[in-house]
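> Below you'll find the structure I mean.
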């Protein structure tokens, strides 16, 4: 029943997507403005029906679906039963397609208000991408196949026809143990997908603009909100991924340059470059061609990321052929790249920018350096992630590319970005009056170096920590100085008190100051990483019951082992009390969790969150003699990193909501202030 | 305070503070944790892309303990890394050297940076003629000049990639066994393999080739040639558990099938099973020898049942083992 509902939903959505493509193209070509609402409705309702069927099947333990039979168990608790809908390949594509249909609906609503060729062409592109994903669902990754031969647990043979000889098993094996160990897994994928899939909207508008030869910044204006939504969710998604790794993966870290992590970082870097260079085009009419390239690159990288994480290519090149979805995604990626750039090259005369760069010491110049650094950053991550795969595929040679490689290249580049971030916002457009930049940066530079000195004397003389703090204070200092400069000028003109002038300055240019908030977030992330990566401590101990160990000023006493059995899992762990200077601080219970028939157990750390540095305790094992083998880790100030990530994303959401000051493009004047 | 004095004071303060800060950082006691630094450079053999420093798996912990011991003994980073890579098959260096196959990894970001800088520089030097307000057709020449530049950049990138790959190709051949462990050996002749093995007898990667060669002899029924190779793998300190188990199982079968030495054969199977109790090929062959060689129906039946309990057994093998088990239980002699 649910299989039939889901399959029908898929087909209806596919029909809607095809209609959107054909009718969108004819609308863009003929100049007529047909109603595309029917097609958009079919797409959205079909996608919703598919997801509803999937979730209902999981909630009602309907094991007649192969997906449920092989990825769900009766004992799987809430919210993991729903999260199972995107825990495996087929289900994750249902979620992807649903999010895509949702974004398409928003593009349609805009078209409905003011139908034109650009909107119709963008809808046709959205429809084209939807055709691919629903096509994928119907052919190689069908989530609604039914089970026709049940095993004791799970299903061994399936059929795509929803009504033939269903043989449902009594129970399934449940989702991957690692994925049901933390509630974060329930929200991390949807957040990340909102980021990934949202990048389809600027891509669709860009391709649409090229197709209908709608030069100028109109496509940027239309996709602006969607880009910010996608970027903010992508930021949140990466943050949640790091947080999840920290809370679940037992080694006290949050980022390991793993291919799956890199797959989410690459589009983020290029999208960040695009957010900045888009401003240059809107204000100065420059970089039009470059913006098309960035948007195409961002979308392609989201597809590449999906390919890397979902085809099984990452763990071993040899599993490549095991899933038909790998070649399909790779083919779609090649098609996207070749098609986009062919279209781009035939429109070359329309994408040239009329304005010119007058001086590198200008806002445009700072944005150019920012774009160069971010693009090279993304390129480094791309090369480091794909080179081992390409090399192994063509020559069979195995090479590893890990943390040492990425850190060595990414750290200097990150510091360069921080430095540019300190100068960029206080540099005027076009050209800079002599001495202006110096006047605006000298005081922040003195303050930053003073704070850097204090850090070196009071906290640590580690070079990375000192540099991150100094540059961070400089960035925040220059933007604070700018805010006060503008506010005092306003206060002098209108004779209102400084605080209210400051409020008006900020609310008068909300988008700019929301961007600065994101900069503060990035500064916090940089400082958090510098502290966590360089000032952490690690110890490995073996304690008998009642025995205590001292770590980072805390005393940890091993009380006893414990064992908890719930329907979903068996938890075997060690209980420790933590005291500091004789005062009780808390209890930690690191454990190994055993889900269903899984025998290896998921090592589950326990973290005592402390402002100075978390106490991170992992259980290595409980040997037979009654002792507990444990590791203690601490990453000082890691909460700064989490807060920084949230602030960065918040800046993106605020920029989307901010009333944009109506700006005229910057004309030929010579000293124009920010 | 005049502007000039203020500037002078600021510059002095900046220079002084930067100097002090640089000195403080440069003279800070080195608190580098060498153990985890080395650990981050080595991929854990049994994990999915994690370094041994980041993995809670028992094997990674063992390797980290080894690193800590070697660091305490004062050995250099390179020696420790080389030892780990040799001792643990599947351990891969995560810190690609700036030479050979991975040189291009280090060069390409620099190339990208260079190309980007050149494009910006070129773009500044060749502004579009049409400034704001001019008819857009004026923009044409810029684009036409942009296209050859893009082609040039692409060509340069291609040259870097091709050069890197061909470089890798040559270095791969020169070092001979560097990639041997994972090579496709299907079109390498027996003689070539013998020669390579003879030339690199104690190279840690050679066991894979020995095993491939021995398997080939074994399947041809040439036990005499297969025997020394399997023996070398079984004795090799570098062989993985999997390789050793295969070699021991095959040696056992040859001892029975070639020389009818039941005792030796069973002894070799038990050695293999001591390393890996779940080695089903060794179990099955042991069952065969127990049945056909020792005539011990009871034990042979028990062994076959163990094999059948393995859920990963494919259907064809399952059927074969099942029919053997049925025959043993029925008291039939082996065919």
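Chains as they are written, first to last, in our numbering: chain A, 1 to 674; chain B, 675 to 1009.
Note that CB positions come from ideal geometry on N, CA and C, so glycine has one too.
1. Confirm, please, whether the CB-CB distance from residue 576 of chain A to residue 608 of chain A is below 7 angstroms.
2. What is the residue span of the beta strand (DSSP E) that residue 608 of chain A lies within?
3. With distances taken between CB atoms, is the gap from residue 43 of chain A to residue 17 of chain A smaller than 7 angstroms?
4. Please list the partners that residue 767 of chain B has in chain A, where partner means a Cβ-to-Cβ separation under 7 angstroms.
5. Looking only at DSSP bridge pairs, what is residue 561 of chain A linked to?
6. Considering only the beta carbon of each residue, do residue 658 of chain A and residue 510 of chain A sit closer than 7 angstroms?
7. How would you write the range of the alpha helix (DSSP H) that residue 698 of chain B sits in, first residue to last?
8. Let me make sure I understand the geometry here. Which of B:908, B:747, B:923 has the alpha-carbon closest to that of residue 709 of chain B?
9. Do residue 652 of chain B and residue 904 of chain B have their C-beta atoms within less than 7 angstroms of each other?
10. List the whole-angstrom C-beta distance separating residue 763 of chain B from residue 719 of chain B, where the pair is believed to meet the contact cut-off of C-beta under 8 angstroms.
11. Could you compute how far the alpha carbon of residue 812 of chain B sits from the alpha carbon of residue 476 of chain A?
12. Closest Cβ-Cβ distance between residue 258 of chain A and chain B: below 7 angstroms?
13. Below 8 angstroms on the Cβ atoms is my guess for residue 14 of chain A versus residue 53 of chain A; work out the distance and round it to an integer in Å.
14. Is the Cβ of residue 723 of chain B closer than 7 angstroms to any Cβ of chain A?
15. Using only alpha-carbon positions, find the residue among A:572, A:406, A:581 that is nearest to residue 594 of chain A.
16. For residue 915 of chain B and residue 950 of chain B, I'd like the C-alpha separation in whole angstroms.
17. Buried or exposed for residue 977 of chain B, please, with buried defined as at least 16 other CB atoms from any protein chain shown within 10 angstroms of its CB.
18. Could you tell me how far apart the beta carbons of residue 614 of chain A and residue 587 of chain A are, in whole angstroms, since I believe they sit closer than 8 angstroms?
19. Over the uninterrupted beta strand (DSSP E) stretch that includes residue 149 of chain A, give me the two end residues.
20. I'd like to check one pair, residue 146 of chain A with residue 64 of chain A: are the Cβ atoms closer than 7 angstroms?
21. Using a 10 Å radius around the Cβ and a threshold of 16 neighbouring Cβ atoms, would you call residue 724 of chain B buried or exposed?
22. Run the CB neighbour count on residue 569 of chain A, radius 10 Å, all protein chains shown included, and call it buried at 16 or more, exposed below.
23. Taking the alpha carbon of residue 604 of chain A as the reference point, which residue from A:74, A:181, A:73 has its own alpha carbon closest?
24. May I have the straight-line CA-CA distance separating residue 321 of chain A from residue 89 of chain A, to the nearest angstrom?
25. Run through DSSP, which three-state label would residue 542 of chain A get?
26. Just to confirm, is the Cβ distance from residue 184 of chain A to residue 240 of chain A under 7 angstroms?
27. Which class does residue 434 of chain A belong to by DSSP, given the choice of helix, strand or coil?
28. Name the DSSP bridge partner or partners of residue 549 of chain A?
29. Look up residue 988 of chain B in the DSSP assignment and say whether it is helix, strand or coil.
30. Chain A beta carbons: is any one of them nearer than 7 angstroms to that of residue 679 of chain B?
31. Using Cβ-Cβ distances below 8 angstroms, what residues of the stretch 927-942 of chain B are close to chain A?
32. Could you please give me the residues that DSSP links to residue 214 of chain A through a beta bridge?
33. Between residue 456 of chain A and chain B, is the shortest Cβ-Cβ distance under 7 angstroms, so that the two count as touching?
34. So for residue 1000 of chain B, helix, strand or coil by DSSP?
35. Only counting the same chain, and skipping five residues up and downstream in sequence, which positions put a Cβ closer than 7 angstroms to that of residue 3 of chain A?
36. Mind checking if residue 883 of chain B is an interface residue toward chain A, Cβ cutoff 7 angstroms exclusive?
This is what the structure holds:
1. no
2. 606-608
3. yes
4. 400
5. A:574
6. yes
7. 677-700
8. B:747
9. Since the first residue shown for chain B is 675 and the last is 1009, residue 652 of chain B is missing from the structure and cannot be characterised.
10. 7 angstroms
11. Caution applies to residue 812 of chain B, whose pLDDT of 36 falls short of 50 and renders its modelled position unreliable; the value that the coordinates give is listed next. If I take the Cα positions, the gap works out to 42 angstroms.
12. yes
13. 15 angstroms between Cβ atoms; not a contact.
14. yes
15. A:572
16. 7 angstroms
17. buried
18. Contact flag wrong, Cβ pair sits at about 15 angstroms.
19. 146-150
20. yes
21. buried
22. buried
23. A:181
24. Interpretation of residue 321 of chain A is limited by its pLDDT of 42, a score under 50 that renders its predicted location unreliable; no figure is taken from the coordinates.
25. strand
26. yes
27. coil
28. A:556
29. coil
30. no
31. none
32. Residue 214 of chain A is not bridged to any residue.
33. yes
34. helix
35. 64, 65, 144, 146, 162
36. no
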